[in-house]
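Accompanying notes for the structure given below.
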Amino acid sequence: MPAMPDVGSLLLAMDLIGVFVFGLSGGTLAVRRRLDLFGVVVLSMAAALAGGVARDLLIGATPPSSFRDDRYLIAALVSGFAAFFFHGTINRLVKPVLVLDAVGLGLFAVAGCNKALTYGMAPVPAILLAVLTACGGGVVRDLLVIEVPRVLREEIYASAALLAALIVVAGQQLGLPEQPVAIAAALAACLLRILSVLRGWNAPRAPGT
Amino acid sequence: MPAMPDVGSLLLAMDLIGVFVFGLSGGTLAVRRRLDLFGVVVLSMAAALAGGVARDLLIGATPPSSFRDDRYLIAALVSGFAAFFFHGTINRLVKPVLVLDAVGLGLFAVAGCNKALTYGMAPVPAILLAVLTACGGGVVRDLLVIEVPRVLREEIYASAALLAALIVVAGQQLGLPEQPVAIAAALAACLLRILSVLRGWNAPRAPGT
Amino acid sequence: MPAMPDVGSLLLAMDLIGVFVFGLSGGTLAVRRRLDLFGVVVLSMAAALAGGVARDLLIGATPPSSFRDDRYLIAALVSGFAAFFFHGTINRLVKPVLVLDAVGLGLFAVAGCNKALTYGMAPVPAILLAVLTACGGGVVRDLLVIEVPRVLREEIYASAALLAALIVVAGQQLGLPEQPVAIAAALAACLLRILSVLRGWNAPRAPGT
Chain A
1 MPAMPDVGSL
11 LLAMDLIGVF
21 VFGLSGGTLA
31 VRRRLDLFGV
41 VVLSMAAALA
51 GGVARDLLIG
61 ATPPSSFRDD
71 RYLIAALVSG
81 FAAFFFHGTI
91 NRLVKPVLVL
101 DAVGLGLFAV
111 AGCNKALTYG
121 MAPVPAILLA
131 VLTACGGGVV
141 RDLLVIEVPR
151 VLREEIYASA
161 ALLAALIVVA
171 GQQLGLPEQP
181 VAIAAALAAC
191 LLRILSVLRG
201 WNAPRAPGT
Chain B
1001 MPAMPDVGSL
1011 LLAMDLIGVF
1021 VFGLSGGTLA
1031 VRRRLDLFGV
1041 VVLSMAAALA
1051 GGVARDLLIG
1061 ATPPSSFRDD
1071 RYLIAALVSG
1081 FAAFFFHGTI
1091 NRLVKPVLVL
1101 DAVGLGLFAV
1111 AGCNKALTYG
1121 MAPVPAILLA
1131 VLTACGGGVV
1141 RDLLVIEVPR
1151 VLREEIYASA
1161 ALLAALIVVA
1171 GQQLGLPEQP
1181 VAIAAALAAC
1191 LLRILSVLRG
1201 WNAPRAPGT
Chain C
2001 MPAMPDVGSL
2011 LLAMDLIGVF
2021 VFGLSGGTLA
2031 VRRRLDLFGV
2041 VVLSMAAALA
2051 GGVARDLLIG
2061 ATPPSSFRDD
2071 RYLIAALVSG
2081 FAAFFFHGTI
2091 NRLVKPVLVL
2101 DAVGLGLFAV
2111 AGCNKALTYG
2121 MAPVPAILLA
2131 VLTACGGGVV
2141 RDLLVIEVPR
2151 VLREEIYASA
2161 ALLAALIVVA
2171 GQQLGLPEQP
2181 VAIAAALAAC
2191 LLRILSVLRG
2201 WNAPRAPGT
């Protein structure tokens, strides 16, 4: 009988895929800005790793995963080279940075929330940390090319990460099995984010502005 | 006989009020930039929490206070919503971002310096850390909307935080009671900052430029 | 018989000289942007200390060296004042920010790599950390004045730091004496960086852009 993959493996996989897709988002942005090969790889790695590094620093898990487990670094590097050589293919997809960013957002929110809970953080800080993990890479990516980060410009962004984190925490409180909850939470955040862009959903602006 | 509030309580209060006013400064800036509700809350939280988080990471106090004590998070959230709904009222005050920022600067410099000393740091690093705590939130706030941070643009800013930290360290060396020293130091920084702007005090520029 | 300076001393010296030259690079940039004395000192200190602070946070060595050993702080402060008062002399040299930055890049890459290896990190993460240490100060310096960081704009930059780190790791694997390897690695990075600018060496851009 094959062993069920355990929750740790699922979270590691989500974390690594998140690293890869955020790396692609950084790399394709860098190609669009006509950076050279090194610039593309640097921006990929910054986008891929910054959120997780911030999370690990904040929970005191030093050195961060990406400095202990070479698979993070490899995923980030591969994403940079993939963006460099295959940006044409990637760009033929609809709004690639948007979709990759949305997938990364969901995956990182779930992985961030679970890691924070595992390190004994209370639910509310764990949710904050999940949002930070999910948004951190994109913030660093956008700041490095001097753009106002997506998390500030876009209607539904931090709130999509918040949704995923709330689902993970609710699932834990209700004693639901972790794996389906994790997958559902990541999907919910990703879909909410993509739908909000495609449908043009608006968040309210301050009254009187 | 009512118990005297202890120094820990005073510092906590200064830290929390600092979080709130920096949060308001971030939130009102976000409203002025016409960010939506989520953007306003994100910028509030970044301005409110970044300085203290940096301080706690640097002294090795992980997870940072704002991830362990929900009052920090609540103060930051409330400041974001307050900025969103009451920015009209806040803006009718004179130069609200300036004043809020000055109050936060003084409070964070004192709280940062005291926390660093409590963690056994030597006076000089404690002063540096105080300045960083006080300036950090504003730097993150301004960078996120792609503005050169106030700490670089303004004549008297880091130096006001420096003054507060020097007073705290001097008070400690002289064995003065901590509470009045803390209050005096915060007031001194806040007044120096506000006066320097209202009076247009200039710091020297490099000779020959 | 005079004692040989030990490896620790050499690395400390490289770290401190790196702090000083990065501080000069930040300070002269600040003078060029017509910042006042405080702005110059702040930008000097940020450029001088950010890379090493990031490195120390990531390997869990808190508080960072620059908050424990006053010589870092003094080197950073002196560099700020030197840039303020002697920027005219510094600017008469050819491309001072470029050269200072290149020297700092080499020194920090070597010191960062060695410190990471000393803290027991594996070679690949140590190399990544070395690049981050070397590039971190310049990234913070450039972002604070809202410029796309040199590490993204310039052809050979992160790769020069990478070269230094590779030499250090190779030297360690081959059991070569540490001091000559450290000096050779720093020189190699510095020369590669300077030559790449003077000769206009190009890194490839993505095909089809």
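Quick note, the sequences are listed as chains A, B and C, same order.
Going by the numbering used here, 191 is the number at position 191 of the first sequence; the sequence numbering is gapless.
Converting from the second sequence to the numbering used here requires adding 1000 to each position, the first position being numbered 1.
Converting from the third sequence to the numbering used here requires adding 2000 to each position, the first position being numbered 1.
Even glycine gets a Cβ: it sits at the ideal position worked out from N, Cα and C.
| Query | Result |
| --- | --- |
| Check whether the Cβ atoms of B:Cys-1236 and B:Ala-1158 sit closer than 7 angstroms, and answer yes or no. | Outside the shown range of chain B (1001 to 1209) lies residue 1236 of chain B, about which nothing can therefore be said. |
| Count the other CB atoms within 10 Å of the CB of A:Ala-3; is the residue buried (16 or more) or exposed (fewer)? | Because A:Ala-3 carries a pLDDT of 45, less than 50, the predicted location of this residue cannot be relied on, and no value is offered for it. |
| For A:Leu-77, tell me which candidate among A:Ser-9, A:Leu-187 and A:Phe-22 has the shortest Cα-Cα distance. | A:Phe-22 |
| To the nearest angstrom, how far is the alpha carbon of C:Ala-2126 from that of C:Arg-2193? | 21 angstroms |
| Helix, strand or coil for C:Arg-2205 per DSSP? | strand |
| Could you give the distance in angstroms between the alpha-carbon of A:Gly-8 and the alpha-carbon of A:Ala-109? | 15 angstroms |
| Are any of the Cβ atoms in chain B nearer than 7 angstroms to that of C:Pro-2005? | Only weak support is given to the placement of C:Pro-2005: the predicted model assigns it a pLDDT of 49, under 50, and the question is left unresolved by the model. |
| Taking buried to mean at least 16 other C-beta atoms within 10 Å of its own C-beta, is C:Leu-2043 buried or exposed? | buried |
| Quick one: list the residues of chain C neighbouring B:Glu-969, beta-carbon separation under 7 angstroms, in chain order. | Outside the displayed span of chain B (1001 to 1209) sits residue 969 of chain B, for which this structure offers no information. |
| Which residues in the same chain as C:Trp-2201 place their Cβ atom closer than 8 angstroms to its Cβ, once the five residues preceding and following it in sequence are excluded? | Glu-2155, Ile-2156 and Leu-2195 |
| Using the three-state DSSP reduction, which class does A:Asp-210 fall into: helix, strand or coil? | Since the first residue of chain A shown is 1 and the last is 209, residue 210 of chain A is not available in this structure. |
| In chain order, which continuous runs of the alpha helix (DSSP H) of length 4 or greater are located wholly inside the region 1109-1163 of chain B? | 1123-1144 and 1150-1153 |
| Please compile the residues from chain B whose C-beta is within a distance smaller than 9 angstroms of the C-beta of A:Ile-59. | Thr-1062, Pro-1063 and Phe-1067 |
| Go through the region 1007-1067 of chain B residue by residue and report every complete run of the alpha helix (DSSP H) that reaches 4 residues or more, in order. | 1007-1032 and 1037-1058 |
| Note down, in chain order, each residue of its chain lying with its Cβ closer than 6 angstroms to the Cβ of C:Val-2103, except the 5 sequence neighbours on either side. | Val-2021 and Cys-2190 |
| For B:Leu-1049, which of B:Arg-1141, B:Leu-1176 and B:Leu-1117 has the nearest alpha-carbon? | B:Arg-1141 |
| Looking at the C-beta of B:Leu-1163, does it have a partner C-beta in chain C at a distance below 7 angstroms? | no |
| Near C:Leu-2163, which residues of its chain fall below 7 angstroms by C-beta distance, leaving aside the five closest residues on each side in sequence? | Ala-2188, Ala-2189 and Leu-2192 |
| Considering C:Leu-2191, what are the terminal residues of the alpha helix (DSSP H) in which it resides? | 2178-2199 |
| Taking the Cβ atom as the reference point for each residue, do B:Val-1131 and B:Thr-1028 lie within a distance shorter than 7 angstroms? | no |
| By the 8 angstroms beta-carbon criterion, what residues does the region 131-160 of chain A contribute toward chain C? | Leu-143, Leu-144, Val-145 and Ile-146 |
| Is the CB-CB distance between A:Val-19 and A:His-87 below 7 angstroms? | no |
| What do you reckon, are the CB atoms on A:Ala-160 and A:Leu-105 nearer than 7 angstroms? | yes |
| Between the alpha carbons of B:Ala-1100 and B:Leu-1024, how many angstroms are there, rounded? | The amino acid at residue 1100 of chain B is misidentified as Ala; the sequence shows Leu. Going from the Cα of B:Leu-1100 to the Cα of B:Leu-1024 covers about 7 angstroms. |
| Could you tell me the distance, in whole angstroms, from the CA atom of B:Pro-1123 to the CA atom of C:Pro-2064? | 15 angstroms |
| Alpha carbon to alpha carbon, how far is A:Ile-90 from A:Leu-35? | 17 angstroms |
| Let me know the secondary structure DSSP gives C:Leu-2073 once reduced to three states. | helix |
| Compare the Cα-Cα distances from B:Ala-1082 to each of B:Phe-1038, B:Arg-1199 and B:Glu-1147 and report the closest residue. | B:Phe-1038 |
| Can you find a CB in chain C that lies within less than 7 angstroms of the CB of B:Gly-1208? | yes |
| Using a Cβ-Cβ cutoff of 7 angstroms, what residues of the region 100-134 of chain A are near chain B? List them in chain order. | Met-121, Val-124, Pro-125, Leu-128 and Leu-129 |
| Tell me the rounded alpha-carbon separation between B:Pro-1005 and C:Leu-2073. | Residue confidence is low: B:Pro-1005 scores 49 on pLDDT, short of 50, so the model does not pin down where it sits. Its coordinate-derived value is still stated next. If you take the alpha carbons of B:Pro-1005 and C:Leu-2073, they lie about 36 angstroms apart. |
| With 7 angstroms set as the bound, which would you pick, yes or no: does the beta-carbon of A:Arg-55 sit closer than that to a beta-carbon of chain B? | no |
| Looking at A:Leu-16: is its Cβ nearer than 7 angstroms to the Cβ of A:Arg-71? | yes |
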